[in-house]
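Heads up, the thing below is written out as structure tokens.
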Amino acid sequence: MNIDIKFKNKPKILGLDISTTATAYCILKKEDNKITLLEAQSINVSEKDNLYEKAILVRNKFNELKTKYTFDKIFVEESLQSFRPGFSSAKTLTTLSKFNGIVCYLAQDIFEKIITIIYKQIYIYIYIYIYIYIQTQK
3 MNIDIKFKNK PKILGLDIST TATAYCILKK EDNKITLLEA QSINVSEKDN
53 LYEKAILVRN KFNELKTKYT FDKIFVEESL QSFRPGFSSA KTLTTLSKFN
103 GIVCYLAQDI FEKIITIIYK QIYIYIYIYI YIYIQTQK
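Residue numbering for the sequence shown follows the working numbering, starting at 3 and increasing by one per position.
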């Protein structure tokens, strides 16, 4: 994915979609007036029995990413906040919220950046591009 846009610096952005089965991430970089997708993967945590074992897998991946990248901004999709018939129970929402909090804490602690919460999944990409646009105005 390449988009022409002028930049004064080269921000690297980490986007996270946190779930108790898989936590997806993407890393974008601006270079030579292009936005480039550097990496996009999913951390499969479904095999682990509890949130803490799942968090260890995510922490290990974050530590690996820290050796490769320095991020200017981190965006995270907000955890599910309401019931969806046939999909969500109070237990599911509670578990997801706990794991979301754990992963956000890990990201903020490891990468030493404040997390920006995105309130709708589709908007994560919009916020990333808004952030990049704002960087061009400085």
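Note that beta-carbon positions come from the ideal geometry of N, C-alpha and C, so glycine has one too. Since we're looking at a predicted model, the values are computed, not measured.
Check	Outcome
Helix, strand or coil for Thr-38? Go by DSSP, reduced to three states.	strand
Is it buried or exposed for Ile-76, if we count other Cβ within 10 angstroms and need 16 for buried?	buried
In three-state DSSP terms, what is Ile-104?	helix
Can you check which of these residues, Asp-111, Asn-102, Ala-24, Leu-39, is closest to Ile-119 by C-alpha distance?	Asn-102
Taking the straight line between their C-alpha atoms, what separation do you get for Ala-109 and Leu-98?	16 Å
Please confirm whether Val-47 and Val-60 have their CB atoms less than 8 Å apart.	yes
Please name the residue in Lys-50, Leu-53, Ile-112 whose C-alpha comes closest to that of Thr-69.	Ile-112
What are the partner residues of Tyr-27, as DSSP defines its beta bridges?	Leu-18, Gln-43
Drop a sphere of 10 angstroms on the beta-carbon of Thr-25, count the other beta-carbons inside from all chains shown, and report buried for 16 or more, exposed for fewer.	buried
Identify every residue that forms a DSSP beta bridge with Thr-118.	Phe-77
Output needed for Ile-116: all residues of its chain with C-beta closer than 6 Å, excluding positions within five of it in sequence on either side, in chain order.	none
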